[in-house]
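Participant:
There are 2 protein chains.
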Amino acid sequence: MLKQKVDQLELKAKLFRGFGDVTRLSILEAILEEEKTVTEISEELDHSQSNISNHLSCLSECGLVKTRREGKNRFYSLGDRRVAKLLKQSDDILTDIAEGIYSCVNYKK
Amino acid sequence: MLKQKVDQLELKAKLFRGFGDVTRLSILEAILEEEKTVTEISEELDHSQSNISNHLSCLSECGLVKTRREGKNRFYSLGDRRVAKLLKQSDDILTDIAEGIYSCVNYKK
DNA sequence: AGAACATATCATTAATTGATGATATGTTAA
DNA sequence: TTAACATATCATCAATTAATGATATGTTCT
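Taken in sequence, the protein lines are chains A and B. The opening residue of the first sequence carries number 658 in my numbering; numbering runs sequentially from there. The opening residue of the second sequence carries number 658 in my numbering; numbering runs sequentially from there.
(1) Cα-Cα, which of Leu744(A), Asp737(A), Asp748(A), Thr752(A) is closest to Asp753(B)?
(2) Ser760(B): buried (16+ other C-beta within 10 angstroms of its C-beta) or exposed?
(3) Using a 10 Å radius around the Cβ and a threshold of 16 neighbouring Cβ atoms, would you call Arg674(B) buried or exposed?
(4) Could you give the first and the last residue of the continuous beta strand (DSSP E) run that contains Lys729(A)?
(5) Since Ile750(A) contacts Arg739(B) with CB under 8 Å, what's their CB separation in whole angstroms?
(6) How would you call Leu689(B), buried or exposed, if buried means at least 16 neighbouring beta carbons within 10 angstroms?
(7) Is the Cβ-Cβ distance between Gly728(B) and Gly677(A) less than 7 Å?
(8) Less than 7 Å between CB atoms is the rule here; does Ser683(A) satisfy it with respect to chain B?
(9) In the structure shown, what three-state DSSP assignment does Val722(B) receive?
(10) What residues from chain A crowd round Gln706(B), counting only those whose CB sits closer than 8 Å?
(11) Shortest alpha-carbon distance to Tyr764(B) belongs to which of Asn711(A), Gln746(A), Asn730(A), Leu744(A)?
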């Protein structure tokens with residue numbers, strides 16, 4: 658395979674791994690409608706501040722969320738409306754193949 | 658969060674992790690147009706037979722690919738046209754946010 | 001039945017990733 | 001400037017995942 662092609666695939670894999678974690682998906686859902694601060698998100702999801710912050714910086718670096726500072730706070734929101742769209746479409750697929758995924762043994766959770 | 662909601666998110670995370678690996682993405686691309694055998698795929702991608710077979714059984718369990726037997730061979734193809742669609746859409750997103758993902762440090766590859 | 005081929009499975013190891021707690025940085029208000 | 005708050009970063013540890021080699025299963029052909 659061409660190196661360029663491999664690079665492209667690695668990018669794509671990274672993109673999907675951004676979505677491939679329950680905590681990150683929860684974060685994305687939490688800010689789907691409205692921007693929120695780190696503290697709000699970590700309280701809502703009941704995870705530690707540092708955990709959420711780490712995931713957010715991951716999502717942020719990858720362009721999946723954007724942030725804006727206001728006073729002491731940092732508000733996070735979706736970086737691109739297509740992120741929401743992609744999430745939505747995965748729902749549709751899930752509806753049909755949920756059973757299979759549920760029983761998929763290759764990933765614990 | 659509701660337990661049901663969490664389950665839903667775990668399914669979704671699993672789905673995305675199915676796509677979140679270069680080898681699996683390569684496999685999906687390799688069979689995007691036409692069904693192929695395990696041997697064909699492993700030669701094309703230059704990975705061991707067992708590695709490809711393992712990934713295929715993962716993809717298969719999750720309903721992302723389907724298989725049909727013909728003699729000694731097993732032909733694999735995409736399990737759902739929406740899988741292709743999802744891959745296609747990730748391309749569009751990537752076009753815009755590739756820079757960010759490229760420099761994203763949270764995943765090695 | 002036995003040989004050759006195609007694929008699947010399994011155990012082990014190596015690499016990657018997520019969570020946590022401690023600490024650092026930056027901001028506001030007294 | 002100091003205290004209080006909000007967020008980020010870092011090191012460490014635990015858990016998860018991918019790759020490999022060896023072996024097992026299943027199929028075809030002679």
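All C-beta atoms, glycine included, are put in the ideal place defined by N, C-alpha and C. Small disclaimer: the values here were computed from a predicted structure and weren't measured.
Facilitator: According to the structure data:
(1) Asp737(A)
(2) exposed
(3) buried
(4) Here Lys729(A) belongs to no beta strand (DSSP E), and DSSP marks it neither H nor E.
(5) 5 Å
(6) exposed
(7) no
(8) yes
(9) strand
(10) Here the premise fails: no neighbours, minimum Cβ distance about 18 Å.
(11) Asn711(A)
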